[in-house]
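Heads up: the sequence lines are chains L and U, in that order.
Residue numbers for the first sequence follow this note's numbering, beginning at 1 and rising by one.
Residue numbers for the second sequence follow this note's numbering, beginning at 1001 and rising by one.
Ideal placement from N, C-alpha and C gives every residue a C-beta, glycine not left out.
Since the structure comes first, as structure tokens, the remarks are kept for the end.
Number of protein chains: 2
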Amino acid sequence: MTREADWIDFLRRRFPAGAGVHVGIGDDAAVLRASGGRDLVVTTDLLIEGQHFLRRAHPPRAIGWKALARSLSDCAAMGARPRWALVALAFPAATPANWVKEFFEGVGLLARRFGVSLAGGDLAVANQIVADVQVIGEVSRGRAVLRSGARPGDLIFVSGTLGLAGLGLACLRGKITSVEPVVKRALLVEFFPQPRLKLARALRRDVAPTAMIDISDGLSTDLNHICEASGVGARVFQASIPAVAVPSPLARRLRTTGLQLALNAGEDYELLFTIPKVKAKRLPRRLAGVVLAPIGEITRDRRVVLVDAAGRERRLPPRGWDPFRRS
Amino acid sequence: MTREADWIDFLRRRFPAGAGVHVGIGDDAAVLRASGGRDLVVTTDLLIEGQHFLRRAHPPRAIGWKALARSLSDCAAMGARPRWALVALAFPAATPANWVKEFFEGVGLLARRFGVSLAGGDLAVANQIVADVQVIGEVSRGRAVLRSGARPGDLIFVSGTLGLAGLGLACLRGKITSVEPVVKRALLVEFFPQPRLKLARALRRDVAPTAMIDISDGLSTDLNHICEASGVGARVFQASIPAVAVPSPLARRLRTTGLQLALNAGEDYELLFTIPKVKAKRLPRRLAGVVLAPIGEITRDRRVVLVDAAGRERRLPPRGWDPFRRS
């Protein structure tokens, strides 16, 4: 397709206006009708070739899925229900039309799963593929779950298995095409991460987390985010972290461990949240189909520490993903 | 600054949470409190180095300004009041911190002018500078002005002077540093275009345009957008188009004319709108400080034609900005 108008026609047919979309794709802006009396939750996330995905290794459908998943996961972390998405996509002029179509297939697959409508976007030419997805969601007034509400004595939980996406990316980078089940599972999470929207809403309903964040940068960084925003510290028990089990030969080849991946790789989009200790017994081991693990507690003193099996403590600095770190 | 957290601290200090921002920069998402009973108007616009601006020629403050201006102009074209912005910015790791600060100064200058709050965003590393700005605005329920409402017999108007930004860009590309007043004015519009928000609201109040669009791609393309969306055609009188007057020596050097720039260059962010003929006399020559010019009328047959001084008609195809055209 050689005209922007052709792409807009394609997208308009592919994504008919959904609920609450008064004017969808094709005007200067979208017109949305929000529910009355709720707060809006809005987020925007860049996904960039070479930084967040590898053009040669990631299928375009996975890239579209992931571009939207990042923003949906932010909505989950706020306890909000995502409703509308805007997708801005820039790509080199020589990109095959099918690549772009597959990208939007990926967006559409995930959007349909959670009842999110593509309301608009923008297309442009760039030297590399850059996607920027905005999601607008809704949450009951004043009920968004922030990073800043963790209190000393709260217990810290995480959902799912941490480090899977990091393992998947390491295998892609290392061109490892193992058929080991853990590698398959890791690639699935790296390609099609599941935003924990149902879990987040169940948590908000059942235990009202005091603070919540999605693990996009790695447990070490995202836990530090909660502690900084809440003005508290944390003690995390290494043995309690549900880190991916990486078979030794693979770990040696990749020069990493499941714990390192869990702490610092990110992109799992699991939830990290805190709840008052008295509510802990209300929390089942599995909620909305996802296993929940207590990994430690919030402390008054502001240090974030990891406690090993022998009871030794060490600082747990934010060593996860940071686009601006010079490593 | 070598950590994302430093940038977020900088932005949080620089852009304190404004009206309706319940949770601003720094959490997983922003939480906004919209006015009850209004529609939301949302838009996203990419601004890309080499495509929309030249790193060597455009000051970073102008790039920040322009990145926001594009989305504010979309709000104007809908007759909406912009309230919040999210700014996603990707830049090469070697970009000086001052460049980024100046970019956000430009965003802030324009945001303050129109009472828009920076509510959030994202930062990332890329090979070239890519900005994507989302704006969320509000408009009275069902009152957004669409592209699709033009009716046969309506008169077509444009605001301001067309082709100035195109002249400015041509001068930058040609490294022309003339001190002619028109070049100065052209560079000012290219660097700091004025979204016509006040004009749009006055128009909606005084004459209720049947259709409206901002001229971002050039009059030829944007008029065709209105005609396609409305299922109508248009007759435009060449002599009535308020095209920039380009002195002959400059026009020869740039191999263009004021008319060509007005029709096909875009980026002026003036408004193109239609009103029923009976309302035309209500429309002053100047509104909200901007001159308004009648340039033609909407026709039943779907052709878009330009009528020259001798009365000859020719088709006016969309020859304005299209990122995917292979020229």
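To the nearest angstrom, how far is it from the Cα of residue i to the Cα of residue j?
i	j	result
A239(L)	G311(L)	10 Å
R113(L)	H58(L)	21 Å
L261(L)	L1011(U)	30 Å
V291(L)	D1214(U)	51 Å
I156(L)	E313(L)	17 Å
D132(L)	A124(L)	12 Å
R1061(U)	F1104(U)	7 Å
C1171(U)	F1053(U)	13 Å
G24(L)	K1175(U)	41 Å
A1186(U)	G1064(U)	18 Å
T274(L)	T299(L)	12 Å
D1122(U)	F1015(U)	14 Å
G1142(U)	L1040(U)	10 Å
E331(L)	R319(L)	This structure cannot speak to residue 331(L), because chain L is shown only from 1 to 327.
P317(L)	V232(L)	14 Å
A17(L)	A119(L)	7 Å
R1147(U)	A1208(U)	13 Å
R1003(U)	D322(L)	7 Å
A1165(U)	R1282(U)	30 Å
R302(L)	R285(L)	28 Å
L1046(U)	E102(L)	21 Å
L1271(U)	A1245(U)	19 Å
G50(L)	L1169(U)	31 Å
Tell me, to the nearest whole angstrom, how far the beta carbon of residue i is from that of residue j; I am working on the premise that it is less than 8 Å.
i	j	result
A1265(U)	G1218(U)	5 Å
S1216(U)	Y1269(U)	6 Å
I8(L)	V130(L)	With a Cβ gap of about 19 Å, I8(L) and V130(L) do not count as contacting.
T44(L)	Q134(L)	4 Å
A1234(U)	V1182(U)	With 8 Å as the limit, A1234(U) and V1182(U) do not qualify as a contact, their Cβ atoms being about 28 Å apart.
P1092(U)	A1126(U)	7 Å
V1116(U)	L32(L)	With a Cβ gap of about 18 Å, V1116(U) and L32(L) do not count as contacting.
G296(L)	F237(L)	5 Å
R242(L)	L306(L)	Checking the sequence shown, residue 242(L) turns out to be Pro, not Arg. With 8 Å as the limit, P242(L) and L306(L) do not qualify as a contact, their Cβ atoms being about 14 Å apart.
A150(L)	I226(L)	5 Å
Along the chain, where does the beta strand (DSSP E) containing residue i start, and where does it finish?
i	result
H22(L)	V21 to V23
A30(L)	A30 to L32
Please report the residue range of the alpha helix (DSSP H) in which residue i lies.
i	result
S140(L)	Taken as a continuous stretch (DSSP letters only), S140(L) belongs to no alpha helix (DSSP H), being part of the beta strand (DSSP E) at V130 to S140.
A280(L)	From DSSP, A280(L) is part of no alpha helix (DSSP H); its letter is neither H nor E.
F1192(U)	No alpha helix (DSSP H) contains F1192(U), which DSSP labels as neither H nor E.
A165(L)	L164 to R173
A262(L)	G258 to N264
W1321(U)	First-last for W1321(U): undefined, no H or E at that position.
A77(L)	P60 to A77
S1248(U)	S1248 to L1254
F1010(U)	E1004 to R1014
Give the residues of chain L in contact with residue i, contact being defined as C-beta atoms less than 7 Å apart.
i	result
C1075(U)	A29
R1056(U)	In chain order: nothing, as chain L lies at least about 16 Å away.
L1032(U)	D39, L40 and V42
E1004(U)	D322, P323 and F324
I1213(U)	D28
A1067(U)	The premise fails here: A1067(U) is roughly 12 Å from chain L at the closest Cβ pair, so nothing lies under 7 Å.
May I ask you to list the residues that DSSP assigns as paired with residue i?
i	result
W84(L)	S117(L) and I136(L)
I1215(U)	E1270(U)
E1313(U)	V1307(U)
P294(L)	F157(L)
A1234(U)	I1298(U) and V1304(U)
E1049(U)	F1053(U)
R1038(U)	S1140(U)
L1123(U)	L1089(U)
L287(L)	V290(L)
A202(L)	For A202(L), which the question treats as bridged, DSSP gives no partner whatsoever.
T1177(U)	Paired residues: none, contrary to the question.
A1243(U)	L1162(U)
T43(L)	V135(L)
Using a cut-off of 9 Å between C-beta atoms, extract the partners of residue i located in chain U.
i	result
G120(L)	V1042, T1043 and T1044
L86(L)	V1042, T1043, T1044 and Q1134
Taking 7 Å as the cut-off, is the CB of residue i close to at least one heavy atom of the ligand MG?
i	result
Q194(L)	This structure does not include the ligand MG; it has no bound ligands of any sort.
Which residues in chain L sit within 9 Å of residue i, going by Cβ to Cβ distance?
i	result
R1147(U)	G26, D27 and D28
I1275(U)	Correct list: empty, because the minimum Cβ distance to chain L is about 18 Å.
A1126(U)	L46, I48, E49, G50, Q51, A126, N127, Q128 and V130
L1123(U)	L46, P323 and F324
Mind pulling the chain L residues with CB within less than 8 Å of residue i?
i	result
G1036(U)	G36 and G37
Since residue i meets chain U, which of its residues come closer than 8 Å, beta carbon to beta carbon?
i	result
I63(L)	Residues of chain U passing the Cβ test: none, with the nearest at roughly 15 Å.
Give the interface partners of residue i over in chain U, defined as CB-CB distance under 7 Å, in chain order.
i	result
V23(L)	A1144 and L1146
A90(L)	L1046, I1048 and V1130
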